[in-house]
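For the sequence shown, the positions run -2 to 179 when the working numbering is used.
Working notes for the structure below.
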Amino acid sequence: MQVCVTLLCAAAVFLPSIYAQMPMNLTFSPWQVMGPVNTNGTGYAILTYVGGELDYEFHLFDVRGLQSIELHVGKPSEHGDVATVFYKTPFANVSQVSSGRVAAGTLTNYDLLGPFLLPLGEHLEVALVYEGYVSQGFATVVVHTLVNPGGELAAYPSSMNSSAPMSGPGPMDMGMTGMSMP
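What follows is the structure, encoded as structure tokens:
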């Protein structure tokens, strides 16, 4: 296990920065993975990978009772592991309806969760998550609401949504065999 973690850290350091400053535009649609959802909600997101960090901005419309916006890693047809929580409301209210920008910020190494936490509080780099998962199509941005707590809307980042090339190691090439990957 220690060897695998060490290799993952080494892979993150040597990943090419071919994705720097390439905005990825995403469109949210109803997420059917956890069962059918009935929603009029829509939205879009902009993800920009800059200098080892991921800038994000989320705009949602007609979404009721927003709880959180999360990044799941895994196949788009699966729930996957939660890699980070972009936004979590302190007091969700089902009567609250979103109509515009709901969250913006920068994802850093310290924001990574789940399979990206290492022992003793160490974290893998955002570069690994972005270049190994997000840009390769092995991630889903999920909007969770009070009405649909399993997920109401989803957007599927991939290199098809940006000008980033489809080269470089994928999750399986980096030894990520313990996670929900293809």
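Even for Gly, the Cβ is constructed at its ideal location relative to N, Cα and C.
How is residue i classed by DSSP in three states: helix, strand or coil?
i      : result
Glu128 : helix
Phe113 : helix
Tyr107 : helix
Val34  : coil
Leu63  : strand
Val123 : helix
His141 : strand
Phe135 : coil
Between which residues of its own chain and residue i is the CB-CB distance below 8 angstroms, once the five residues before and five after are set aside?
i      : result
Phe58  : Gly38, Thr39, Gly40, Ser95, Ser96, Gly97
Leu110 : Val79, Ala80, Thr81, Val82
DSSP beta-bridge partners for residue i?
i     : result
Leu57 : Gly40, Gly97
Tyr84 : Ile66
Met21 : Leu44
Val79 : His69
Ser26 : Ala151
Gly49 : Its beta-bridge partners do not exist; DSSP assigns none.
Grab me the residues of residue i's own chain with a C-beta within less than 7 angstroms of its C-beta, minus the 5 sequence neighbours each way, in chain order.
i      : result
Asn158 : Annotation note: pLDDT 46 at Asn158 (below 50); position unreliable, coordinate value reported separately. Closer than 7 angstroms at the Cβ level, and outside the excluded window around Asn158, lie Met21, Asn22, Leu23.
Val91  : Arg61, Gly62, Leu143, Val144
His76  : Val30, Met31, His69
Leu114 : His120
Excluding the five sequence neighbours on either side, which residues of its own chain have a C-beta within less than 6 angstroms of the C-beta of residue i, listed in chain order?
i      : result
Pro73  : Thr137, Tyr153
Ala101 : Glu54
Val34  : Pro27, Asn145, Glu149
Ser155 : Gly134
Ala151 : Trp28, Thr137, Val139
Thr36  : Pro27, Glu149
Taking only heavy atoms of the ligand MN into account, decide whether any of them is closer than 8 angstroms to the Cβ of residue i.
i     : result
Ala42 : Of the ligands one can find in the structure shown there are none, so the ligand MN has no counterpart to examine.
Just checking my contact of residue i with residue j at CB under 8 angstroms: how many whole Å lie between their CB atoms?
i     : j      : result
Ile66 : Phe88  : Not really, about 16 angstroms apart at Cβ, beyond 8 angstroms.
Leu51 : Leu125 : About 11 angstroms; that fails the 8 angstroms criterion.
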